[in-house]
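Read the structure below first, then the notes.
Number of protein chains: 2
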Amino acid sequence: MPVSGKTRKDVLTEFRHQEILEAACQVFAERGFREATLDEIAGKAGLAKGTLYLYFSSKEEIFQSVMYSRLSELMARMRTAVSSGSTAAERIRNIIKARLEFFRSDEAFWRIYYTEFGQLCQQRHVKDERFRELFLQATQLVAPVLQEGMERGELRRMPPMAAAMALLDLLRNTMALYLMGMQKEEVDLEQFVFDLFWGGVAAPGGSQTAREIP
Amino acid sequence: MPVSGKTRKDVLTEFRHQEILEAACQVFAERGFREATLDEIAGKAGLAKGTLYLYFSSKEEIFQSVMYSRLSELMARMRTAVSSGSTAAERIRNIIKARLEFFRSDEAFWRIYYTEFGQLCQQRHVKDERFRELFLQATQLVAPVLQEGMERGELRRMPPMAAAMALLDLLRNTMALYLMGMQKEEVDLEQFVFDLFWGGVAAPGGSQTAREIP
DNA sequence: CAGTTTTATGACCGGCAAGTCATGAACCTG
DNA sequence: CAGGTTCATGACTTGCCGGTCATAAAACTG
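Chains as they are written, first to last, in this note's numbering: chain C, -2 to 211; chain A, -2 to 211.
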């Protein structure tokens, strides 16, 4: 075995995995899991269908693999984001920036992510259990940032998990509108999301102010 | 023909349509469009598969029928909501109330709606064109409310369509978390959504205030 | 109640796509 | 280059499900 620790075989295997996952990502993004066919994925990767089974054991596994590799990356970036910056506002901004950047850099994966999300509340979808947990993890990364902000008096009191979810929603859907081309108005997404989340829609100094939600 | 204008046949037809749509709604909610089978729908309606084809011409048509009947109802309620109330805050509250009420009253349909939404950004999904328009209609109902609020100085300036979408997102996802049981904290959903949308997360009187977005 | 029409049924057909495997190509290795 | 080993292929198998239709049950009619 070479010093690098990788045999020729390892390199090929790694290379094929990447090829396949890349093709799969595109096809899943276009068609969704059910409508995607292994023939199309194989074709796009320049391979025959049988070859896919040399590297993965099922369509399901290919899908999981795409999701897992990309989500790990996203979570890593989020961890960096939440731990840099001193005020709540700064950290929130970092989170927004990190996610927008990540998803903008990989539109195809984003489409898969969004679709998968939409299936989270179908009742008989065992496969989604894992995905639901991954989503919860992201929320649990954001919630403490908000909670700390509340304790410091930078944010008003509200349920931190619910608020964290709201922020992620807002991001997800702003991204969706952008990608679907429904966002006619030219907007700085980062600024828009931050302002809306931070200050809501009310005019500053208006008559009605938001309440504390204990 | 009887005075009522309905023959016995009309009544039976109407009745079967309802039976089938009700069963279909449940099954689509559990499985999603692709995974739902006509056998299961027929079974749940107490009919045989062939019978479905006496009343509908395809699986697709059954699905469209479910969507269309429910969405008409929702749009009707939204129209009432946006036109009652004098201040922007009141109207926003009415919109929130109307949607939460509607979706709470029909959980199964809500799941279908949410899933369908998640597929909106798959690229090759011709069938969704119509659905996308229906969604846009809802947004176009809300946007003027916000715009008017801005003109009266009740809301700060921001792109009205983008803000309207954000409100609908927030509602959709708050509802999702509630239905998935991820919302641990006991929260008054209506109040929570309103406060967040209206005032954001920032503590009143904090140092950083939201900017106007022209 | 016989005859006719309407409504319901479920076995069956056909197409599709996941997954398999016998065959063959490419590539080592001595 | 012979013999063996790894990698790639795509025709084939298999199960599934939307849609059909010959048959039967129910309802209506006179």
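From the three backbone atoms N, C-alpha and C, an ideal C-beta is built for every residue, glycine too.
- Could you check if R67(C) is buried or exposed, using at least 16 other CB atoms within 10 Å of its CB as the buried criterion? Only buried fits R67(C), as 16 or more other CB atoms lie within 10 angstroms of its CB.
- Task: Evaluate contact between the segment 113 to 126 of chain A and the segment 141 to 158 of chain A, counting only Cβ atoms and requiring at least three cross-stretch pairs below 8 Å.
- Result: no
- Go to L18(C), then tell me how far its alpha helix (DSSP H) extends in each direction, as first and last residue. R5 to E32
- Would you say G47(C) faces chain A, with C-beta separation under 8 Å as the test? no
- Report yes if the C-beta distance between L143(A) and A85(A) is below 8 Å; otherwise report no. yes
- List the residues of chain C whose Cβ lies closer than 8 Å to the Cβ of R127(A), in chain order. Residues of chain C passing the Cβ test: none, with the nearest at roughly 15 Å.
- Item | Burial state of P157(C) (16 or more Cβ within 10 Å) | buried
- Contact set between F194(C) and chain A, taken where Cβ atoms lie within less than 7 Å: G197 and V198
- Message: Quick check: the Cα distance between R96(A) and A200(A), rounded to an integer number of angstroms?
- Response: 28 Å
- Message: Quick check: what's the CA-CA separation for F191(A) versus I93(A)?
- Response: 7 Å
- Item | Rounded separation between R169(A) and L176(A) - CA only | The alpha-carbon atoms of R169(A) and L176(A) are separated by roughly 11 Å.
- Task: Assess, as a yes-or-no matter, whether the segment 46 to 63 of chain A is touched by the segment 71 to 89 of chain A under the definition of 3 or more beta carbon pairs within less than 8 Å.
- Result: no
- Mind listing, in chain order, the continuous alpha helix (DSSP H) runs of no fewer than 4 residues lying wholly within the segment 66 to 109 of chain C? 85 to 101
- Below 7 Å CB to CB, which residues in the same chain sit around L186(C) once its five sequence neighbours on both sides are set aside? L97, T171 and Y175
- Express the C-alpha separation of L152(C) and T112(C) in angstroms, rounding to a whole number. 32 Å
- Item | 8 Å Cβ cut-off: residues of chain C touching T34(A) | Chain-order list of chain C residues neighbouring T34(A): empty, with the shortest C-beta distance near 12 Å, by a criterion of under 8 Å.
- Message: By the 8 Å beta-carbon criterion, what residues does the segment 5 to 34 of chain C contribute toward chain A?
- Response: A26, E27, R28, G29, R31 and E32
- For A163(A), which three-state DSSP category applies? Looking at A163(A) - three-state DSSP - the assignment turns out to be helix.
- Task: Report all residues from its chain with a CB closer than 8 Å to the CB of D36(C); omit the five preceding and five following residues, and keep chain order.
- Result: The answer, listed in chain order, is K46.
- Query: Assuming F25(C) contacts I109(C) under a Cβ cut-off of 8 Å, what Cβ separation, rounded to an integer in Å, is found between them?
  - Reply: Approximately 5 Å separates the beta-carbon atoms of F25(C) and I109(C); this is inside 8 Å, confirming the contact.
- Message: Any C-beta of chain C within less than 7 Å: which residues of the segment 107 to 121 of chain A qualify?
- Response: R108, Y111, T112, F114, G115, Q116, L117, C118, Q119, Q120 and R121
- Task: Could you name the residues of chain C that L152(A) contacts, counting a contact when the two beta carbons are closer than 7 Å?
- Result: V198, A199 and A200
- Closest residue to M75(C) among R90(C), R154(C), A163(C) and V63(C) (Cα-Cα distance): R90(C)
- Message: Would F53(C) pass as an interface residue toward chain A - the criterion being a Cβ-Cβ separation below 8 Å?
- Response: no
- Best match in K41(C), K6(C) and G29(C) for proximity to I17(C) [C-alpha to C-alpha]: When the alpha-carbon of I17(C) is set against those of K41(C), K6(C) and G29(C), the nearest one is in K41(C).
- Identified DSSP bridge partners for L152(A): A199(C)
- Query: Under three-state DSSP, which class holds A45(C)?
  - Reply: coil
- Task: Could you have a look at S62(C) and say whether DSSP puts it in helix, strand or coil?
- Result: helix
- Message: When you compare the CB of A173(C) with every CB in chain A, is at least one pair closer than 8 Å?
- Response: Chain A contact via Cβ: present.
- Message: Quick check on Q188(C): does DSSP put it in helix, strand or coil?
- Response: helix
- Roughly how many angstroms lie between the CA atoms of A161(C) and M155(C), to the nearest whole one? 10 Å
- Message: When you compare the CB of P141(A) with every CB in chain C, is at least one pair closer than 8 Å?
- Response: no
- Message: With a threshold of 8 Å between beta-carbons, can D103(A) be considered close to chain C, or not?
- Response: no
- Message: Mapping the DSSP letters down to three states, classify F194(C) as helix, strand or coil.
- Response: helix
- Message: So, at 7 Å on beta carbons, what are the nonlocal neighbours of Q23(A) in its own chain, with the 5 sequence-adjacent residues on each side left out?
- Response: Closer than 7 Å at the Cβ level, and outside the excluded window around Q23(A), lie K41 and A105.
- Is the Cβ-Cβ distance between L167(C) and L138(C) less than 8 Å? no
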